[in-house]
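**Student:** 155 is the number that our numbering gives to position 155 of the sequence shown; each next residue is one higher, with no gaps.
Ideal placement from N, C-alpha and C gives every residue a C-beta, glycine not left out.
One structure, pasted below without further comment.
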Amino acid sequence: ASTASLANHLGISHNVSRPDQWHKYYPIAKGRHQSPIEINNKEVHYDRSLLPWFASYDPGAAKTILNNGKTCRVVFDDSFDRSVLRGGPLPGVYRLRQLHFHWGSSDDHGSEHVVNGVRYAGELHLLHWNPKYSNYLDAVRRADGIAVLAIFLQVSRSMKCLFGKEAPFPNFDPSILFPKSHDYWTYHGSFTTPPCEECITWIILRDPIIVSSDQMAKLRSLSKNAENEPNLPLVDNWRPTQPRYFRMVSASFL
Ligand SMILES: NS(=O)(=O)c1ccc(CCCCO)cc1
Ligand SMILES: [Zn+2]
């Protein structure tokens with residue numbers, strides 16, 4: 001194992017906070033299939049053969065929510081095909097493993113993907129893995145191993161937000177977070193944080209979900225320090241956009 005992965009294993013973060021340094025420990029961070037990217041209408045290719053995607057999530061699969069110092073994450077029971085994503089560009093069912101968020105220090109930025117120059121206040125990622133591989137860690141080493149459903153967060157000052165209710169986590173169905181339209185873009189990319197493996201089929205919804213300012217304030221109130229350390233706000237946990245190189249971004253809609 002490289003020193004980096006050992007460091008990672010021992011929980012010694014090696015200035016992971018600097019995305020431009022990641023390649024020193026994870027060379028793939030300078031690869032040709034990195035994420036996130038800019039999505040520009042002019043370069044998107046409408047693919048009418050793309051199927052609609054479907055999420056069949058079991059609310060009972062939600063296990064715990066935690067702040068791991070890098071994001072707010074909810075993990076799910078992925079020991080069998082209990083909560084799955086299928087259709088769209090995917091060859092089969094993919095198991096929901098976790099969801100997490102990326103956000104900024106203010107409402108004018110925070111998303112990882114950028115659409116026609118527009119940065120959203122945040123971005124929700126639902127991570128799924130391909131059960132044709134024996135386990136998740138095997139799947140992250142495969143080009144078709146992981147599927148991430150990405151949903152932009154847009155702040156509305158006035159409107160009562162959709163998921164205002166504090167859903168108890170023992171019974172939490174993430175599909176309540178989906179926008180009305182399932183229209184999406186899709187391309188092949190990577191994890192947006194180390195190890196930056198290029199194993200992800202990205203499915204990015206065109207329409208954002210509306211969240212309230214105090215919802216965003218809740219995310220910004222999370223801290224990245226441990227209990228007994230001085231408070232460091234956990235904000236701006238998004239990676240800058242990466243070169244698209246020779247990748248096609250396909251759209252399921254005209
Ligand atoms: N922002 S993301 O959806 O690409 C993402 C998801 C999960 C990880 C952590 C696990 C990486 C290898 O187990 C890192 C990044
Ligand atoms: Zn993410």
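Taking Cβ positions, are Pro-192 and Pro-36 nearer each other than 7 Å?
**Tutor:** Residue identity check: residue 192 is Thr in the sequence provided, not Pro. Closer than 7 Å, so yes.
**Student:** In the DSSP assignment, the beta strand (DSSP E) including Leu-51 goes from what residue to what residue?
**Tutor:** Neither: Leu-51 is in no beta strand (DSSP E) and is coded neither H nor E.
**Student:** The alpha helix (DSSP H) spanning His-23 covers which residue range?
**Tutor:** Element bounds for His-23: 22–25.
**Student:** Would you grab the beta carbon distance between Trp-202 and Gly-104 for me? Rounded to a whole angstrom, and I think it's under 8 Å.
**Tutor:** The Cβ separation is near 20 Å, so there is no contact.
**Student:** Would you call the segment 211–227 and the segment 80–99 touching, i.e. three or more CB-CB distances under 8 Å?
**Tutor:** At 8 Å Cβ cutoff, the stretches do not touch.
**Student:** Please return the same chain residues whose Cβ sits closer than 7 Å to the Cβ of Leu-66, not counting the five positions on each side in sequence.
**Tutor:** Result list for Leu-66: Arg-73, in chain order.
**Student:** Given 6 Å as the limit, tell me if His-125 has its C-beta closer than that to any heavy atom belonging to ligand 1.
**Tutor:** The answer is yes for His-125.
**Student:** Tell whether a beta-carbon distance below 7 Å holds between Met-216 and Val-118.
**Tutor:** Cβ atoms of Met-216 and Val-118: not closer than 7 Å.
**Student:** Can you tell me whether Asn-67 is helix, strand or coil according to DSSP?
**Tutor:** Of the three classes helix, strand and coil, the one that applies to Asn-67 here is strand, per DSSP.
**Student:** Can Pro-208 and Phe-152 be called in contact, C-beta distance under 7 Å?
**Tutor:** Yes.
**Student:** Closer than 6 Å to a non-hydrogen atom of ligand 1 - does that hold for the CB of Val-148?
**Tutor:** Yes, since a heavy atom of ligand 1 falls inside the 6 Å radius drawn around the Cβ of Val-148.
**Student:** Excluding five sequence neighbours on each side, which residues of the same chain lie with their C-beta closer than 6 Å to the C-beta of Pro-131?
**Tutor:** Correct list, in chain order: Arg-95.
**Student:** List the DSSP bridge partners of Glu-123.
**Tutor:** According to DSSP, which records beta bridges pairwise, Glu-123 is partnered with His-102, Phe-152.
**Student:** Tell me whether Ala-143 is buried or exposed, calling it buried when 16 or more other Cβ atoms sit within 10 Å of its Cβ.
**Tutor:** Under this definition Ala-143 is an exposed residue.
**Student:** Suppose you measure from the CA of His-33 to the CA of Leu-85; what does that come to, to the nearest Å?
**Tutor:** Distance between the alpha carbons of His-33 and Leu-85 is about 22 Å.
**Student:** Cβ-heavy atom distance between Trp-64 and ligand 1 below 6 Å?
**Tutor:** Position check: residue 64 holds Thr in this sequence, whereas Trp was assumed. No, ligand 1 has no heavy atom inside 6 Å of this Cβ.
**Student:** Could you check what DSSP says for Pro-131 in three-state terms: helix, strand or coil?
**Tutor:** Looking at Pro-131 - three-state DSSP - the assignment turns out to be coil, as it is neither helix nor strand.
**Student:** Does the Cβ of Arg-18 have 16 or more other Cβ atoms within 10 Å, making it buried, or fewer, making it exposed?
**Tutor:** Answer is exposed; the Cβ neighbour count stays below 16.
**Student:** Tell me whether Phe-163 sits in a helix, a strand or coil according to DSSP, three-state version.
**Tutor:** Low local confidence applies: a pLDDT of 46 at Phe-163 is under 50, so the model's placement there is unreliable, and no value is given.
**Student:** With a cut-off of 8 Å, do at least 3 Cβ pairs link the segment 123–137 to the segment 98–115?
**Tutor:** The segment 123–137, when compared against the segment 98–115, does touch it at the 8 Å Cβ threshold.
**Student:** Which word fits Ser-111, buried or exposed, when buried means at least 16 other C-beta atoms lie within 10 angstroms of its C-beta?
**Tutor:** So Ser-111 ends up on the buried side.
**Student:** At a cut-off of 6 Å, would you count Thr-193 as near ligand 1, judging by its Cβ distance to the nearest heavy atom?
**Tutor:** Result yes, Cβ under 6 Å from ligand 1.
**Student:** Rounded to whole angstroms, what is the Cα-Cα separation between Ser-134 and His-113?
**Tutor:** Distance between the alpha carbons of Ser-134 and His-113 is about 30 Å.
**Student:** Can you give me the C-alpha to C-alpha distance between Gly-60 and Phe-246, rounded to a whole angstrom?
**Tutor:** Going by the C-alpha atoms only, they are around 41 Å apart.
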